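Note sheet for the following structure.
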Amino acid sequence: MSTTGTPRGNAPDSRGGNAREGLAGNGRDALGGDTPEALHGGAGEGPSGGGGGPLRGNAREVVRGRRPEVFIAHRDEADVLADLAAAAGPLAGLRLAVKNNVDVAGFPTTAACPAFASGPAAADAQAVARLRGAGATVVGVTNLDQFATGLVGQRSPYGGVRDARRPSFVSGGSSSGSAVAVALGLADLAIGTDTAGSGRVPAAFQGLVGIKPTLGTVSVSGVVPACRSYDAVTIMARDLGTAGAAMAAMAGGPGTRPWPADAPLAAPAAARVAVPDELPAMDPGWADAFDATVERLREAGAVVEPVRIEPFLAAARLLYDGALVAERHAAVGAFVDAHPGDVDPTVGAIISRAGKVSASSLVRDVARLELLRQECLGLLGGFDALLVPTAPCHPTVAEVAAEPVAVNSRVGTYTNFCNLFDLCAVAVPAGTVDEGPGRGIAQFGVTVLARPFHDAVALDLARLVAVQPEPPAESAGGAPPLPDGPLPWPAAIADGGVRAVELFVAGAHLAGQPLEYELRDLGARWDRPARTSAAYALHALGTVPAKPGLVRVGAGGAAVEGEVWLVSEGALGRFLANLPAPMTLGRVELSDGRWAVGFGCTQEAASAGEDITKYGGWRAWLSSR
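Under UniProt numbering, the residue at position 216 of the sequence shown is numbered 216, and the numbers go up by one with no gaps.
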């Protein structure tokens, strides 16, 4: 077992390239282009597991030629380059691949069933439109497990999608082409969908970040449903910064679920994280890789404790082994039943069988699911998140062909329950596993799961354990990572999300001071050091613990050192309701002319305290004592 990799928080970019750069050359449809045979290379695994020999000519054209199963259709490269050059916005210069169960104007939405498409989509799905509006450039539509039914990426008439590093292994699915497109540098971002793990599993197998947001926070308008109650649109990228920027652009808008005013903006300083008390179905070495990840989380300051995992797995089994699968028939069953010759046999059997579920069975399993939901959320009651392996194994193409249903079910062991409980999830690479001769090195990933609308908590905790894997040998490059923004993506949504309020603190709530925990417990996020304008006085108050009082005095005042924290409106309201006398909250002018909410105190308390303005700040006064 190995957990090699560079921590993502300080990873140098090893891919090179620039988001706006491209190589000249004509594009090709990935299924029917005329790239010369000499550029295709072999499909087998070479010394690096990539196969095909060195890249020549236009790297993206060559890689697409070697991996024709990744895209169902691809735009002409000259048109892509023109759009990249003209793009504007936070995602300008980034190539976007879109899973072909999501509408992209001008492309038939096949859901990997050509007969299902009625013609080119007239308009983009809302998720696609919002990413385009932020500057991303669509390069093509990607292959998938037909009707998003599968976690292996092999159930498609366009061909099974192969792993980016080990082509004899599956890509993971159902967002198979999207994941491999990003892993190989053919796209910088990809849209997937996720009902039972379809965005998380392929991200894990391909060494990517996969963000599965709280249900309903990204519009599913223009998306072919799988199980409408549990479908989510997801993002895959090579790094957390890029994935977060894409989520901020894609989430929100008409018809989406509103965010609560008190949604947290950060994980607590000493977060409590649950882990499974047992790890069923794990391949040799994979449990060791998970244990190493848990140890990294502990070293980062989290409190990690086991919880009983069996109730979660029991709920997971309900999704396909129980009556809940009826939703798949409700979504596309009429087409599947009427076109059996056009449907993948495994997919057709699952969906047609779902149409035979009785109403009483569905009612029974919905009730059973609710009992399991209550039990599992009760188990998580004292925790901020649950950390699980994203998948317990990485099967080969041959293993899936031999047992398509059994292997698929095993792959979904730790993903199927997520959406049933309305949890948000961030899947990240967490190392590698040496599977020995004949199999080689597998990418290992973990997923952080959190309560609905605690997406920022999951993001922070995932960052603590994520590593940056080496790119595949076949990689065509890609744009460098985007830096993390000042706001977590739920607070950076332009028309929705969580409204973050700037809170200036100058005393006991400073980072490292006795009351910092109060801000952390509110889900507040440290933003930056700051100081007031030269119009304030600072007084040491006779409180326990010791606190200063900040008072605006105008002329004759001084600048006072402090910090700006970001806190949600709802959490700030809770904080104010519990604020003890003589402390107050009001507006504080900062040195840059902006105003923030800040701590003050009553004039009476300030007059009774010691004037410590000359020290310039609370920490300096404490050091002088």
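Don't be surprised by glycine CBs; every beta carbon is placed ideally from N, CA and C.
Nothing here was measured: the structure is a model prediction, and the numbers come from that model.
Using the Cβ count rule (16 or more neighbours within 10 Å means buried), how would you classify residue i?
{"i": "L371", "result": "exposed"}
{"i": "A97", "result": "buried"}
{"i": "D124", "result": "buried"}
{"i": "V446", "result": "buried"}
{"i": "W259", "result": "buried"}
{"i": "E69", "result": "buried"}
{"i": "G27", "result": "In this prediction, G27 has a pLDDT of 32, which is less than 50 and means its spatial position is unreliable; what the coordinates show is noted afterwards. So G27 counts as buried."}
{"i": "V567", "result": "buried"}
{"i": "V141", "result": "buried"}
{"i": "L579", "result": "exposed"}
{"i": "R60", "result": "buried"}
{"i": "Q374", "result": "exposed"}
{"i": "H339", "result": "exposed"}
{"i": "S623", "result": "exposed"}
{"i": "D239", "result": "buried"}
{"i": "L576", "result": "exposed"}
{"i": "W595", "result": "exposed"}
{"i": "E278", "result": "exposed"}
{"i": "E77", "result": "buried"}
Since residue i and residue j should fall inside the 8 Å C-beta cutoff, what is the C-beta to C-beta distance between them, to a whole number of angstroms?
{"i": "S198", "j": "Q126", "result": "At roughly 19 Å, the Cβ-Cβ gap does not stay under 8 Å, so S198 and Q126 are not in contact."}
{"i": "G159", "j": "A87", "result": "Actually they do not touch by this definition, with Cβ atoms about 31 Å apart."}
{"i": "W565", "j": "D521", "result": "That belief does not hold up - the Cβ atoms of W565 and D521 are roughly 12 Å apart, past 8 Å."}
{"i": "F453", "j": "V597", "result": "Going by Cβ atoms, the distance from F453 to V597 rounds to 22 Å, so no, they are not a contact pair."}
{"i": "F107", "j": "A181", "result": "Contact doesn't hold; Cβ gap of about 15 Å is too wide."}
{"i": "G512", "j": "F599", "result": "No, G512 and F599 are not in contact; Cβ-Cβ is about 17 Å, not under 8 Å."}
{"i": "D525", "j": "A266", "result": "A quick correction: the sequence has Arg, not Asp, at residue 525. At roughly 4 Å, the Cβ-Cβ gap stays under 8 Å, so R525 and A266 are in contact."}
{"i": "L151", "j": "G348", "result": "At roughly 17 Å, the Cβ-Cβ gap does not stay under 8 Å, so L151 and G348 are not in contact."}
{"i": "G153", "j": "V170", "result": "5 Å"}
{"i": "A456", "j": "P264", "result": "6 Å"}
In whole angstroms, give me the CA-to-CA distance for residue i and residue j.
{"i": "V223", "j": "P120", "result": "14 Å"}
{"i": "P486", "j": "A112", "result": "39 Å"}
{"i": "L131", "j": "A249", "result": "6 Å"}
{"i": "H509", "j": "R200", "result": "37 Å"}
{"i": "T110", "j": "E327", "result": "19 Å"}
{"i": "L313", "j": "L519", "result": "35 Å"}
{"i": "D194", "j": "A232", "result": "5 Å"}
{"i": "A406", "j": "D321", "result": "11 Å"}
{"i": "S174", "j": "V128", "result": "18 Å"}
{"i": "P471", "j": "I309", "result": "33 Å"}
{"i": "L482", "j": "R298", "result": "27 Å"}
{"i": "I211", "j": "G497", "result": "16 Å"}
{"i": "F417", "j": "L538", "result": "53 Å"}
{"i": "R364", "j": "R317", "result": "14 Å"}
{"i": "V325", "j": "S352", "result": "10 Å"}
{"i": "G477", "j": "G617", "result": "48 Å"}
{"i": "A226", "j": "D344", "result": "15 Å"}
{"i": "G333", "j": "V366", "result": "20 Å"}
{"i": "D611", "j": "R574", "result": "30 Å"}
{"i": "V104", "j": "V63", "result": "23 Å"}
{"i": "L377", "j": "V465", "result": "24 Å"}
{"i": "L84", "j": "S178", "result": "19 Å"}
Between the Cα of residue i and those of the options, spot the shortest distance and give me the residue it belongs to.
{"i": "L423", "options": "L449, T532, F504", "result": "L449"}
{"i": "D262", "options": "A237, R499, V294", "result": "R499"}
{"i": "T396", "options": "T110, R165, W618, R132", "result": "R165"}
{"i": "T346", "options": "Y414, N58, C418, F147", "result": "F147"}
{"i": "A442", "options": "V128, G285, V544", "result": "G285"}
{"i": "L572", "options": "V180, F169, V501, R625", "result": "V501"}
{"i": "L461", "options": "N101, R130, A349, A269", "result": "A269"}
{"i": "S221", "options": "P254, A243, R155, A183", "result": "P254"}
{"i": "P548", "options": "A555, A179, A540", "result": "A540"}
{"i": "E305", "options": "D291, A315, P311, A314", "result": "D291"}
{"i": "I235", "options": "G496, G586, D76, D188", "result": "D188"}
{"i": "P514", "options": "P213, D344, R619", "result": "R619"}
{"i": "P488", "options": "A243, G133, T137", "result": "A243"}
{"i": "G89", "options": "L215, A476, N101, T137", "result": "T137"}
{"i": "A581", "options": "Q603, A401, V588, E561", "result": "Q603"}
{"i": "T532", "options": "T543, E516, R552", "result": "R552"}
{"i": "A473", "options": "C601, L184, G241", "result": "L184"}
{"i": "K99", "options": "L91, A73, A92", "result": "A73"}
{"i": "R67", "options": "V102, N101, S168", "result": "S168"}
{"i": "V467", "options": "A479, R410, F444, Y414", "result": "F444"}
{"i": "L380", "options": "K356, R353, F421, N408", "result": "F421"}
{"i": "L94", "options": "R410, A190, A287", "result": "A190"}
Do the stretch 256-274 and the stretch 370-390 make contact, defined as three or more Cβ pairs closer than 8 Å?
yes
With a threshold of 8 Å, are at least 3 pairs of Cβ atoms found where one atom belongs to the stretch 425-433 and the other to the stretch 204-211?
yes
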